[in-house]
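Residue numbers for the sequence shown follow UniProt numbering, beginning at 1 and rising by one.
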Amino acid sequence: MSPTIAAADNFRDTRRVGEEPSGEGQGGGIDDEGVERDYLASRTLQKSAGALLLWGLGVGYVISGDFFGWNYGLNAGGFGGMVIATITMATLYVTMIFSIAEMATMMPVAGGPYAFARRAMGPWGGYVTGLAVTIEYVVAPAVIATGIGGYVAGMFAEPPAWIEAGVPILAYVVFVAINAMGSKTSLSLLLVITAVSVVVVIVWALSMVPHVDTSRWLDIAPDPGRSRWLPHGFGGVIAALPAAGWFYLAIEGVPLAAEETRDPSKALPKGMIAAMLSLVALSSLALLLAPAAAGSEALASSANPLPAAVEAVMGRGGVYWLTTVVGLTGLIASFFSIIFAYSRQIFALSRAGYLPRWLSKTNRRGAPHWALIVPAVVGYACIQLVDLCNAGAVATGDLLMRIAVFAALISYVMMMVSHFVLRRRHPGLARPYRTPGYPLTPAIALVLSLLALSSSLFYGEAALGSVLATLAVFAVGLLYFGLYSRHHLVASAPEEEAALIMEAERELDA
Numbered sequence: 001m002s003p004t005i006a007a008a009d010n011f012r013d014t015r016r017v018g019e020e021p022s023g024e025g026q027g028g029g030i031d032d033e034g035v036e037r038d039y040l041a042s043r044t045l046q047k048s049a050g051a052l053l054l055w056g057l058g059v060g061y062v063i064s065g066d067f068f069g070w071n072y073g074l075n076a077g078g079f080g081g082m083v084i085a086t087i088t089m090a091t092l093y094v095t096m097i098f099s100i101a102e103m104a105t106m107m108p109v110a111g112g113p114y115a116f117a118r119r120a121m122g123p124w125g126g127y128v129t130g131l132a133v134t135i136e137y138v139v140a141p142a143v144i145a146t147g148i149g150g151y152v153a154g155m156f157a158e159p160p161a162w163i164e165a166g167v168p169i170l171a172y173v174v175f176v177a178i179n180a181m182g183s184k185t186s187l188s189l190l191l192v193i194t195a196v197s198v199v200v201v202i203v204w205a206l207s208m209v210p211h212v213d214t215s216r217w218l219d220i221a222p223d224p225g226r227s228r229w230l231p232h233g234f235g236g237v238i239a240a241l242p243a244a245g246w247f248y249l250a251i252e253g254v255p256l257a258a259e260e261t262r263d264p265s266k267a268l269p270k271g272m273i274a275a276m277l278s279l280v281a282l283s284s285l286a287l288l289l290a291p292a293a294a295g296s297e298a299l300a301s302s303a304n305p306l307p308a309a310v311e312a313v314m315g316r317g318g319v320y321w322l323t324t325v326v327g328l329t330g331l332i333a334s335f336f337s338i339i340f341a342y343s344r345q346i347f348a349l350s351r352a353g354y355l356p357r358w359l360s361k362t363n364r365r366g367a368p369h370w371a372l373i374v375p376a377v378v379g380y381a382c383i384q385l386v387d388l389c390n391a392g393a394v395a396t397g398d399l400l401m402r403i404a405v406f407a408a409l410i411s412y413v414m415m416m417v418s419h420f421v422l423r424r425r426h427p428g429l430a431r432p433y434r435t436p437g438y439p440l441t442p443a444i445a446l447v448l449s450l451l452a453l454s455s456s457l458f459y460g461e462a463a464l465g466s467v468l469a470t471l472a473v474f475a476v477g478l479l480y481f482g483l484y485s486r487h488h489l490v491a492s493a494p495e496e497e498a499a500l501i502m503e504a505e506r507e508l509d510a
């Protein structure tokens with residue numbers, strides 16, 4: 001064993017538990033604290049996932065985007081604008097997944113995106129990334145909850161008044177409870193729900209093919225001087241990017257299950273890449289077939305676009321009810337899996353001291369129960385708050401979706417920068433999987449993420465207001481970190497420990 005490695009191991013052993021704060025910190029006023037010896041023992045996850053379960057998790061995160069939300073992009077950019085926006089966002093996510101797969105196999109810990117940025121850019125970079133992912137994953141289930149309510153309401157000629165408020169509450173209660181049963185139970189059930197959802201999309205697509213009329217793609221009246229292909233010009237393409245991103249949003253969360261994966265160096269890349277390719281195929285079916293059946297204009301503000309497309313050409317027959325009732329599984333799959341994701345991101349940030357530590361405690365089944373419950377309450381409050389503040393010009397689900405996508409894009413920028421930093425500063429780190437086409441691959445994802453961040457400027461005051469509200473939440477979060485949590489980080493948390501060992505190695509090498 002080299003002196004550097006031996007010294008680093010000694011450093012790890014002496015910092016692991018029961019120590020006093022160093023007093024020197026990690027630079028930038030960052031301090032580590034010792035913790036009681038059973039701290040990590042009460043924060044342990046189950047190891048139960050392989051590549052198939054990770055595929056189910058990845059597709060499950062996202063498949064609701066095929067059933068609801070993407071169609072708002074038709075309103076923003078017309079069919080042509082939405083097609084261009086979808087190609088753009090698919091390119092962003094494919095290139096990003098190849099980059100994340102490398103970092104995930106280097107650092108197979110529950111922190112996922114936060115862990116990558118923490119290793120590359122220090123505690124501040126890790127916290128900003130983790131906060132962005134937390135906002136994304138807390139708000140995304142709220143978007144899906146409004147979609148579930150829309151699908152249930154679509155089953156009634158005159159929806160009962162209780163649906164709008166009652167369905168999201170019921171969804172949160174049921175799926176938080178299932179996730180609290182542990183990852184083996186939740187991921188296995190999620191795989192079944194995801195598989196059913198995929199089958200429903202395929203059956204729906206086969207039913208739509210005989211009724212395709214491509215002239216319906218371009219039935220949105222253009223602005224003066226614009227074409228029917230781009231009825232709102234190229235500004236409409238930019239405005240449609242968040243809705244196009246909804247086809248793929250949250251796929252980057254698969255590494256959050258790394259500590260629950262049996263062989264992360266092999267299973268993570270296989271599961272993530274297979275899930276991403278599946279999602280590209282499914283999104284193509286939804287985008288090309290639904291407007292060709294019902295018309296782009298009719299679907300632009302629909303709460304249940306796939307059943308609406310069926311109803312337009314086939315009426316409320318068997319396929320309609322299959323898509324509506326069984327199709328709820330698609331929304332449920334994403335709702336279910338993103339609840340899993342937010343709990344793991346919050347668990348990792350809390351375990352390391354960035355968020356209140358009590359959020360990372362796990363129950364006897366190895367599930368972080370507080371990290372499941374608290375964000376569910378916050379997510380439902382977001383629905384009610386946006387409903388209260390929204391003047392109705394833009395659907396509540398649409399505004400919430402833009403908040404989630406905006407926060408996600410911030411994390412994407414941070415992760416791609418982290419990839420470049422890790423390659424340059426730490427070329428010797430073990431990389432069981434290496435990103436093909438580096439450095440072009442992460443560069444494409446970085447540039448497209450920055451482009452998509454500008455989308456709210458093209459979608460009116462309501463969307464801009466939601467972004468400003470998101471930035472206000474960021475400001476509060478950064479204030480909390482700056483004043484308190486950066487002085488109480490936990491050195492023995494896996495993400496922190498790895499970074500501290502690397503610091504020791506660099507110092508010894510110097």
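Where a beta carbon is used, it is the ideal one built from N, C-alpha and C, also for glycine.
For Arg-423, the enclosing alpha helix (DSSP H) stretches over residues 396-425.
Taking each of Ala-51, Val-310 and Phe-406 in turn and checking the Cα distance to Leu-206, the smallest one comes out for Val-310. If you draw a straight line from the Cα of Ser-99 to the Cα of Glu-158, it is about 48 Å long.
Distance from the Cα of Ala-469 is smallest, within the candidate group Leu-450, Gly-147, Asp-263 and Val-139, for Val-139.
In this structure the segment 287-301 touches the segment 63-76; the number of beta carbon pairs closer than 8 Å is three or more. Between Pro-368 and Phe-347, the gap from beta carbon to beta carbon is short of 8 Å. Separation of Thr-95 and Leu-282 (C-alpha to C-alpha, rounded to the nearest whole angstrom) is 18 Å. Between Gly-147 and Leu-331, the C-beta spacing is below 8 Å. A buried status is given to Cys-382, since no fewer than 16 other beta-carbon atoms sit within 10 Å of its beta-carbon.
DSSP places Asp-387 inside the alpha helix (DSSP H), whose first and last residues are 369-389.
Comparing alpha-carbon positions, the option among Val-133, Arg-486 and Val-152 lying closest to Val-405 turns out to be Val-133.
Our two residues, Leu-464 and Ile-403, have alpha carbons roughly 10 Å apart in a direct line. By the Cβ-count criterion, Arg-216 is buried, with 16 or more other Cβ atoms from all chains shown falling within 10 Å of its own Cβ.
By the criterion of a C-beta distance shorter than 7 Å, Leu-241 is surrounded in its chain by Ala-85, Thr-88, Met-89, Ala-452 and Ser-455, once the five residues flanking it on both sides are discounted. In this structure, the beta-carbon distance from Ser-350 to Arg-357 falls below 8 Å. Residue range 233-245 is occupied by the alpha helix (DSSP H) that includes Val-237. Taking 8 Å as the upper bound for CB-CB distance, Pro-305 and Phe-156 are not in contact here, some 18 Å apart.
Selection Ser-485, Thr-396 and Tyr-93 evaluated against Tyr-127 yields Ser-485 as nearest (Cα-Cα). A direct Cα-Cα distance of roughly 15 Å separates Gly-81 from Thr-214. The three-state reading of DSSP puts Met-107 in coil, since its state is none of H, G, I, E or B.
Of Val-421, Pro-442, Gln-384 and Asp-219, the smallest CA-CA separation from Thr-91 is found for Pro-442.
In this structure, the alpha-carbon of Ser-278 lies about 25 Å from that of Ile-238. From the listed residues Gly-65, Gly-482 and Gly-315, the smallest Cα separation to His-211 is found for Gly-315.
Of the candidates Thr-324, Thr-435 and His-487, the residue whose Cα lies closest to the Cα of Phe-420 is Thr-435.
In this structure, the alpha-carbon of Thr-362 lies about 44 Å from that of Leu-288. Annotation for Trp-162: no residue places its beta carbon closer than 8 Å to its own, counting only its chain and skipping 5 residues before and after.
In the DSSP assignment, Val-133 falls within the unbroken alpha helix (DSSP H) covering 113-153.
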